[in-house]
Amino acid sequence: MIRKAVIPAAGFGTRFLPATKSQPKEMLPIVDTPVIQYVVEEAAAAGITDILMVIGKGKRAIEEHFDRSFQLEAQLAEKGNLDQLEQIKRISELADIHFVWQKQLRGLGDAVYCSRYHVNDEPFVVLLGDTLMDAATPAAKQLLDVFEKYNEPVVLLEEVDPARVSRYGIIDGQQISEGLYKVKDFVEKPEPDEAPSNLAIAGRYILTPDIFELLAQTKPGKGGEIQLTDALRMLVKQRPMYGLKLTGKRCDIGNKEGFVKTNIEFALKHPDMAPNLAEYIKTLAKKLEG
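Residues in the sequence shown are numbered from 2 upward in steps of one, following our numbering.
Below you can see the structure in the form of structure tokens.
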């Protein structure tokens, strides 16, 4: 049973400047909930009880969000806002959450390497802190089901437009059952005519502790960053690895347009605002057509 997860959340979020000048991109809200809270809730729903967040400069707001706020709780209790009180208290009870600092932003591989002492000798889940999944069964749980069967590392996959594979880490693999692939190799951001598939890594991994030795051997690449994909290429030569196609949708919130679309889609899931918002969208669509 895997009980630990690592959430890298140290990047600057420059695509969302100026909003991220003084707040972490992971704290930007989808409707009324920070992105990273959705990620933590996904992990908790999959049975994860111990979460390590890898943070950097300017990320104190993440620590504060998952800590108790006794003054706020007292104020809500005094005003009789019991529903909001329970909602706020629940945030700090989702899991045991710990923090470690990535002192230099040297890429995802280095962020994962920062977790080595906390993870120790256990397999663990990696969930990118700025990637949101919309799935009936939590994406992390989908991976855990595969791991429990094969006891080998697993990465989450999504099909992407073949013309856009150069934006992603892509797998070369063989399908062994519906939605499940035996991975042969990983290719980081290949050109469309060189890509072995259009199956992209979707921001969720189950890794085993032998990844740390390989990350220690991985040399920095472009921009001085240590790529997790490079270590995975070494790992797949040493042991079997699997790729599972996501049942659900990865919400593209890495850019402003995708972020706004995700906010609209999630807002339409809220019964208190969905009817009025739907009418507004219809009215707006008519204006745009006119």
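Backbone N, C-alpha and C fix where the C-beta goes; we use that ideal spot for every residue, glycine too. No experiment lies behind these values; they were computed from the predicted model shown.
Work out the CA separation of His119 and Asp150 for me, nearest whole Å. Working through the sequence shown from its first residue, we reach residue 150 at position 149. Working through the sequence shown from its first residue, we reach residue 119 at position 118. The question names Asp, yet the displayed sequence has Lys at residue 150. Lys150 and His119: Cα-Cα distance of roughly 25 Å.
I believe Pro124 touches Ile3 by the beta-carbon criterion, under 8 Å. Please report the beta-carbon distance rounded to the nearest angstrom. If you number the sequence shown from 1, residue 124 lands on position 123. If you number the sequence shown from 1, residue 3 lands on position 2. Indeed they touch by this definition, with Cβ atoms about 5 Å apart.
May I have a chain-ordered list of the alpha helix (DSSP H) segments no shorter than 4 residues that lie completely inside the region 173-257? Secondary structure remark: continuous alpha helix (DSSP H) runs of at least 4 residues inside the region 173-257, in chain order: 212-218, 229-236.
Within 10 angstroms of its Cβ, does Gly259 collect 16 or more other Cβ (buried), or is it exposed? Along the sequence shown, one-based indexing puts residue 259 at 258. Gly259 should be labelled exposed.
Tell me, please, whether the region 174-188 touches the region 82-95 by the rule of three or more beta-carbon pairs shorter than 8 Å. As far as the Cβ criterion goes, the region 174-188 does not touch the region 82-95, which means the pair count is below three.
Helix, strand or coil, according to DSSP, for Asp273 in the structure here? Here residue 273 is taken as the residue at index 272 of the sequence shown, counted from 1. Looking at Asp273 - three-state DSSP - the assignment turns out to be coil, as it is neither helix nor strand.
DSSP state of Gly296 mapped onto helix, strand, coil: Coverage of the chain is limited to positions 2 through 291, which leaves residue 296 absent and any answer about it impossible.
At least three beta-carbon pairs within less than 8 Å, the region 227-234 to the region 206-219: Contact holds: three or more Cβ-Cβ distances are below 8 Å.
Verify whether the separation of the beta carbon atoms of Val55 and Cys115 is less than 8 Å. Numbered from 1 along the sequence shown, position 54 holds the residue referred to as residue 55. Numbered from 1 along the sequence shown, position 114 holds the residue referred to as residue 115. The answer is yes: Cβ separation under 8 Å.
Less than 8 Å separating the beta-carbons of Lys250 and Phe17? For this step, residue 250 is matched to residue 249 along the sequence shown. For this step, residue 17 is matched to residue 16 along the sequence shown. No, they are not a contact pair.
The region 129-148 / the region 237-248 touching (three or more Cβ pairs under 8 Å): Counting Cβ pairs under 8 Å, three or more are found: they touch.
Closest by C-alpha distance to Ile63, when choosing among Gly48, Pro154, Glu27: Position 62 of the sequence shown, counting from 1, holds the residue named residue 63. If we check each option's Cα against that of Ile63, Glu27 comes out closest.
Is Ile8 helix, strand or coil when you go by DSSP? Stepping through the sequence shown from its first residue, residue 8 is reached at position 7. In the structure shown, Ile8 sits in a strand (DSSP, three-state: E or B).
Considering only their Cβ atoms, is the gap separating Val156 from Pro191 smaller than 8 Å? Within the sequence shown, numbered from 1, the residue matching residue 191 stands at position 190. Within the sequence shown, numbered from 1, the residue matching residue 156 stands at position 155. Val156 sits away from Pro191, with the two beta carbons spaced by 8 Å or more.
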